[in-house]
Ligand SMILES: NC(=O)c1ccc[n+]([C@@H]2O[C@H](COP(=O)([O-])OP(=O)(O)OC[C@H]3O[C@@H](n4cnc5c(N)ncnc54)[C@H](OP(=O)(O)O)[C@@H]3O)[C@@H](O)[C@H]2O)c1
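Residue numbers (my numbering): 134 to 421.
In structure tokens:
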């Protein structure tokens with residue numbers, strides 16, 4: 134069985150390739166794709182096949198999907214460019230007649246009002262319209278959206294956000310990757326299945342408390358408005374549109390749009406996902 138992983142040169146995709154191998158896939162059956170040739174070489178060191186694929190290059194997509202039984206379609210990372218790029222991916226998947234497509238979407242994509250969800254909604258619709266045998270992996274937030282900021286939280290004694298008392302069901306990339314690998318290797322994976330994936334929910338006040346507990350230093354949650362957060366993030370060096378998307382995502386968290394209570398992640402990976410407290414403790418330990 135040939136399994137193609139797009140975005141394999143990225144952080145999530147590489148973890149999917151590793152999880153496929155750990156779960157018993159033969160390296161010769163895995164085709165890892167991306168644009169970055171250095172990172173493709175590092176993947177080839179795992180024994181898997183590799184190919185340069187650019188979502189903007191339909192021929193590269195057609196070549197990669199030719200003969201594929203299953204494809205993990207990792208959403209592109211160029212927000213705003215995804216629709217034309219994803220259109221190419223969907224067309225190539227359709228003409229290759231792939232047996233199963235798993236797409237990494239966002240939690241609650243069908244109802245989410247978050248700016249980030251719009252391109253996922255459109256992509257899900259394109260995949261459905263193409264009549265592809267589709268499994269949706271609707272991932273909530275990455276814990277890694279927070280853990281690299283632990284030094285900043287400690288420096289300022291604060292987690293600053295605009296999420297109010299909203300709950301976010303963030304999980305590690307490794308756990309989402311393991312879930313994707315489980316689906317790709319499941320002989321009974323059923324087209325039409327929607328997995329709403331997320332870890333144990335927490336508020337940003339809980340996140341601040343976990344940083345305090347792990348570090349022994351006082352860190353509090355400071356709730357600001359969406360506009361204030363966008364300004365703070367832009368002031369810290371993020372490009373204005375990116376700062377606005379992050380601030381809008383906190384608005385989504387405040388509305389409960391990244392809260393997932395399905396239990397799908399735990400069911401797919403066969404264990405409890407890594408908790409926020411564990412991930413924070415690891416991040417605090419890693420800096421000392
Ligand atoms: N749930 C969340 O909290 C969250 C957070 C951030 C991102 N995301 C989404 O999840 C996806 C995977 O996350 P990640 O952390 O693995 O992101 P990442 O490390 O930035 O990796 C993105 C991957 O997509 C590939 N890619 C981007 N544009 C492409 C194009 N035009 N053609 C071919 N490949 C392309 C990149 O390939 P090259 O590097 O080789 O060009 C890379 O392999 C992201 O792309 C984004 O859509 C979700």
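Idealized CB from N, CA, C, for every residue including glycine.
Beta-carbon proximity check, residue i vs residue j, cutoff 9 Å
i, j, result
"residue 427", "residue 378", "There is no way to answer for residue 427, as the model of the chain reaches only from 134 to 421."
"residue 205", "residue 179", "no"
"residue 162", "residue 135", "yes"
"residue 331", "residue 245", "no"
"residue 347", "residue 292", "no"
"residue 311", "residue 164", "no"
"residue 401", "residue 324", "no"
"residue 303", "residue 391", "yes"
"residue 315", "residue 356", "no"
"residue 307", "residue 237", "no"
Through-space distance from residue j to residue i, alpha-carbon basis
i, j, result
"residue 342", "residue 176", "38 Å"
"residue 230", "residue 351", "56 Å"
"residue 152", "residue 235", "15 Å"
"residue 301", "residue 335", "6 Å"
"residue 195", "residue 349", "54 Å"
"residue 419", "residue 223", "41 Å"
"residue 191", "residue 322", "27 Å"
"residue 221", "residue 353", "46 Å"
"residue 318", "residue 344", "37 Å"
"residue 279", "residue 263", "36 Å"
"residue 242", "residue 208", "13 Å"
"residue 287", "residue 359", "22 Å"
"residue 174", "residue 369", "34 Å"
"residue 201", "residue 253", "23 Å"
"residue 213", "residue 247", "14 Å"
"residue 251", "residue 158", "34 Å"
"residue 389", "residue 156", "33 Å"
"residue 411", "residue 320", "33 Å"
Close-in-space but distant-in-sequence residues of the same chain around residue i (CB under 6 Å, 5 per side omitted)
i, result
"residue 328", "270 and 397"
"residue 256", "219"
"residue 294", "337 and 383"
"residue 393", "240, 273, 302, 329 and 331"
"residue 326", "268"
"residue 215", "209 and 252"
Best match in the options for proximity to residue i [C-alpha to C-alpha]
i, options, result
"residue 142", "334, 169 and 163", "169"
"residue 182", "324, 190 and 166", "166"
"residue 227", "324, 214 and 198", "198"
"residue 211", "345, 320, 146 and 188", "188"
"residue 265", "149, 203, 207 and 384", "203"
"residue 403", "309, 164, 209 and 251", "309"
"residue 284", "214, 144, 416 and 150", "416"
"residue 172", "145, 296 and 159", "145"
"residue 298", "386, 215 and 345", "386"
"residue 363", "356, 373 and 355", "373"
"residue 259", "313, 158 and 217", "217"
"residue 333", "174, 305, 214 and 201", "305"
Same chain only: Cβ atoms within 8 Å of residue i, ignoring 5 sequence neighbours per side
i, result
"residue 395", "328, 329, 330 and 331"
"residue 339", "409"
"residue 150", "138, 141, 163, 165, 176, 179 and 181"
"residue 281", "416"
"residue 290", "350, 351, 352 and 353"
"residue 361", "295"
Chain D contact for residue i (CB, 9 Å cutoff)
i, result
"residue 163", "Given the protein chain composition of this structure (a single chain), no chain D is represented."
Own chain, CB closer than 7 Å to residue i, minus 5 neighbours either side, in chain order
i, result
"residue 193", "185, 186 and 187"
"residue 366", "376, 379 and 380"
"residue 399", "405 and 406"
"residue 225", "191, 194, 195 and 198"
"residue 160", "154, 179, 180 and 181"
"residue 261", "267"
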